[in-house]
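Numbering (the numbering used here), first residue to last: 10 to 160.
Positions of the beta carbon are idealized from the N, C-alpha and C atoms, including for glycine.
One structure is given below, encoded as C-alpha coordinates.
Here it is as C-alpha coordinates:
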(Lines of atoms letter the chains of each structure in order from A and count residues from 1; the text may use other names and numbers.)
(Lines give C-alpha, C1' and ligand atoms only; values in the text may rest on other atoms or scores of the structure.)
Protein backbone atom coordinates (compact mmCIF):
# COMPACT_ATOMS: atom_id res chain seq x y z
CA UNK A 1 0.00 0.00 0.00
CA UNK A 2 2.94 2.33 0.60
CA UNK A 3 3.72 2.14 -3.12
CA UNK A 4 0.19 3.32 -3.94
CA UNK A 5 0.56 6.26 -1.54
CA UNK A 6 3.94 7.12 -3.06
CA UNK A 7 2.46 6.98 -6.57
CA UNK A 8 -0.42 9.21 -5.46
CA UNK A 9 1.93 11.82 -3.99
CA UNK A 10 4.32 11.80 -6.94
CA UNK A 11 1.40 12.28 -9.35
CA UNK A 12 0.47 15.53 -7.64
CA UNK A 13 2.09 18.69 -9.04
CA UNK A 14 1.74 20.82 -5.93
CA UNK A 15 3.61 20.09 -2.70
CA UNK A 16 2.29 16.91 -1.05
CA UNK A 17 3.59 14.80 1.84
CA UNK A 18 2.43 11.55 3.44
CA UNK A 19 3.03 11.42 7.20
CA UNK A 20 2.92 8.44 9.56
CA UNK A 21 0.80 8.48 12.74
CA UNK A 22 3.88 9.65 14.63
CA UNK A 23 4.34 12.60 12.25
CA UNK A 24 7.35 11.24 10.40
CA UNK A 25 7.50 11.84 6.64
CA UNK A 26 6.82 8.61 4.76
CA UNK A 27 7.14 10.12 1.27
CA UNK A 28 6.98 13.47 -0.49
CA UNK A 29 7.02 14.77 -4.05
CA UNK A 30 9.57 17.10 -5.66
CA UNK A 31 7.51 20.32 -5.15
CA UNK A 32 7.27 19.49 -1.41
CA UNK A 33 11.03 18.92 -1.30
CA UNK A 34 11.59 22.34 -2.88
CA UNK A 35 9.11 23.96 -0.47
CA UNK A 36 10.85 22.40 2.54
CA UNK A 37 14.44 22.90 1.33
CA UNK A 38 14.75 26.65 1.91
CA UNK A 39 18.13 28.19 2.54
CA UNK A 40 18.92 31.38 4.44
CA UNK A 41 18.36 34.38 2.20
CA UNK A 42 15.71 32.62 0.08
CA UNK A 43 12.47 34.53 -0.43
CA UNK A 44 9.77 33.90 2.14
CA UNK A 45 8.36 30.40 1.56
CA UNK A 46 4.82 30.06 0.25
CA UNK A 47 4.05 27.23 2.68
CA UNK A 48 4.87 26.64 6.36
CA UNK A 49 8.23 24.89 6.78
CA UNK A 50 6.77 21.90 8.63
CA UNK A 51 4.27 19.68 6.71
CA UNK A 52 2.52 19.00 10.05
CA UNK A 53 1.40 22.65 9.84
CA UNK A 54 -0.03 22.34 6.32
CA UNK A 55 -3.78 22.89 6.75
CA UNK A 56 -5.20 20.68 4.00
CA UNK A 57 -5.17 17.07 5.18
CA UNK A 58 -6.62 13.71 4.31
CA UNK A 59 -6.50 10.73 6.65
CA UNK A 60 -5.79 7.42 4.93
CA UNK A 61 -6.40 4.18 6.81
CA UNK A 62 -5.02 1.02 5.27
CA UNK A 63 -3.45 -2.26 6.35
CA UNK A 64 -4.02 -1.35 10.00
CA UNK A 65 -1.99 1.85 9.62
CA UNK A 66 -3.11 5.48 9.60
CA UNK A 67 -1.37 7.96 7.32
CA UNK A 68 -1.97 11.65 6.69
CA UNK A 69 -1.72 13.27 3.27
CA UNK A 70 -0.78 16.91 3.84
CA UNK A 71 -0.71 19.72 1.29
CA UNK A 72 -0.30 23.45 1.81
CA UNK A 73 -3.33 25.68 1.52
CA UNK A 74 -3.91 26.67 -2.11
CA UNK A 75 -3.85 30.36 -1.11
CA UNK A 76 -0.35 29.89 0.31
CA UNK A 77 0.92 28.51 -2.99
CA UNK A 78 -0.13 31.34 -5.25
CA UNK A 79 0.67 35.00 -4.96
CA UNK A 80 -2.42 36.18 -6.84
CA UNK A 81 -5.92 35.20 -5.85
CA UNK A 82 -7.49 34.44 -9.20
CA UNK A 83 -11.26 34.00 -9.23
CA UNK A 84 -12.48 30.44 -9.49
CA UNK A 85 -13.30 29.63 -13.11
CA UNK A 86 -16.84 28.73 -14.07
CA UNK A 87 -17.18 25.70 -16.32
CA UNK A 88 -19.87 25.45 -18.99
CA UNK A 89 -22.58 22.89 -18.11
CA UNK A 90 -21.16 20.12 -20.31
CA UNK A 91 -17.64 20.48 -18.90
CA UNK A 92 -19.05 20.73 -15.36
CA UNK A 93 -20.85 17.41 -15.89
CA UNK A 94 -17.65 15.78 -17.16
CA UNK A 95 -15.69 17.27 -14.23
CA UNK A 96 -18.19 15.82 -11.74
CA UNK A 97 -17.76 12.37 -13.32
CA UNK A 98 -13.95 12.67 -13.21
CA UNK A 99 -14.10 13.74 -9.55
CA UNK A 100 -16.38 10.81 -8.74
CA UNK A 101 -13.66 8.46 -10.02
CA UNK A 102 -14.89 7.56 -13.51
CA UNK A 103 -12.34 6.76 -16.20
CA UNK A 104 -12.49 8.52 -19.57
CA UNK A 105 -13.92 5.33 -21.10
CA UNK A 106 -16.67 5.14 -18.45
CA UNK A 107 -17.51 8.81 -19.00
CA UNK A 108 -17.75 8.24 -22.76
CA UNK A 109 -20.16 5.36 -22.20
CA UNK A 110 -22.32 7.28 -19.70
CA UNK A 111 -22.53 10.48 -21.75
CA UNK A 112 -22.67 9.04 -25.28
CA UNK A 113 -19.58 11.02 -26.27
CA UNK A 114 -16.59 9.52 -28.04
CA UNK A 115 -13.53 8.60 -26.00
CA UNK A 116 -11.41 11.23 -27.78
CA UNK A 117 -14.03 13.94 -27.11
CA UNK A 118 -14.01 13.05 -23.42
CA UNK A 119 -10.20 13.23 -23.34
CA UNK A 120 -10.34 16.66 -25.00
CA UNK A 121 -12.94 17.86 -22.48
CA UNK A 122 -10.88 16.55 -19.54
CA UNK A 123 -7.81 18.44 -20.82
CA UNK A 124 -9.95 21.60 -21.16
CA UNK A 125 -11.17 21.17 -17.59
CA UNK A 126 -7.59 20.78 -16.32
CA UNK A 127 -6.52 23.93 -18.19
CA UNK A 128 -9.46 26.02 -16.96
CA UNK A 129 -9.12 24.89 -13.34
CA UNK A 130 -5.32 25.12 -13.45
CA UNK A 131 -4.49 21.51 -12.60
CA UNK A 132 -2.56 18.72 -14.31
CA UNK A 133 -4.13 15.49 -13.04
CA UNK A 134 -7.27 13.89 -11.65
CA UNK A 135 -5.80 14.00 -8.14
CA UNK A 136 -5.17 17.74 -8.41
CA UNK A 137 -8.69 18.28 -9.76
CA UNK A 138 -10.18 16.51 -6.74
CA UNK A 139 -8.08 18.61 -4.35
CA UNK A 140 -8.82 21.84 -6.21
CA UNK A 141 -12.57 21.25 -6.04
CA UNK A 142 -12.69 20.11 -2.41
CA UNK A 143 -11.74 23.04 -0.16
CA UNK A 144 -12.24 21.05 3.05
CA UNK A 145 -10.06 18.29 4.38
CA UNK A 146 -11.05 14.77 3.46
CA UNK A 147 -11.14 11.53 5.37
CA UNK A 148 -11.04 8.38 3.34
CA UNK A 149 -10.26 4.79 4.19
CA UNK A 150 -8.50 2.62 1.64
CA UNK A 151 -8.75 -1.13 2.17
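According to DSSP, which residues form a beta bridge with residue 133?
In the DSSP assignment, no residue is bridged to residue 133.
For residue 115, report the span of its alpha helix (DSSP H) as first-last.
Counted as a single uninterrupted DSSP element, the alpha helix (DSSP H) harbouring residue 115 occupies residues 113–120.
Are residue 32 and residue 144 closer than 7 Å when you measure CB to CB?
Between residue 32 and residue 144, the C-beta spacing is not below 7 Å.
Pick from 110, 107, 72 and 44 that is closest to residue 62, judged by C-alpha positions
Scanning 110, 107, 72 and 44 for the CA closest to the CA of residue 62 turns up 44.
So what does DSSP say about residue 41, is it helix, strand or coil?
Note: residue 41 maps to helix in three-state DSSP.
Rounded C-alpha distance that separates residue 42 from residue 14:
Rounded to the nearest angstrom, the two C-alpha atoms are 16 Å apart.
Apply the 10 Å Cβ neighbour rule to residue 77 and answer buried if 16 or more other Cβ atoms are within range, or exposed otherwise.
By the 10 Å Cβ count, residue 77 comes out buried.
Tell me residue 140's beta-bridge partners as DSSP assigns them.
Residue pairing by DSSP places residue 140 in no beta bridge whatsoever.
Please state if the CB of residue 117 and the CB of residue 127 are separated by a distance shorter than 7 Å.
Closer than 7 Å, so yes.
When the Cα atoms are used, what is the spatial distance from residue 100 to residue 133?
Rounded to the nearest whole angstrom, the C-alpha separation of residue 100 and residue 133 is 8 Å.
First and last residue of the uninterrupted beta strand (DSSP E) at residue 68
Element bounds for residue 68: 65–71.
Measure the C-alpha to C-alpha separation of residue 35 and residue 18 and round it to an integer number of angstroms.
Residue 35 and residue 18 have their C-alpha atoms spaced approximately 11 Å apart.
According to DSSP, residue 78 sits in a beta bridge with which residue or residues?
Residue 78 pairs with 27 and 67.
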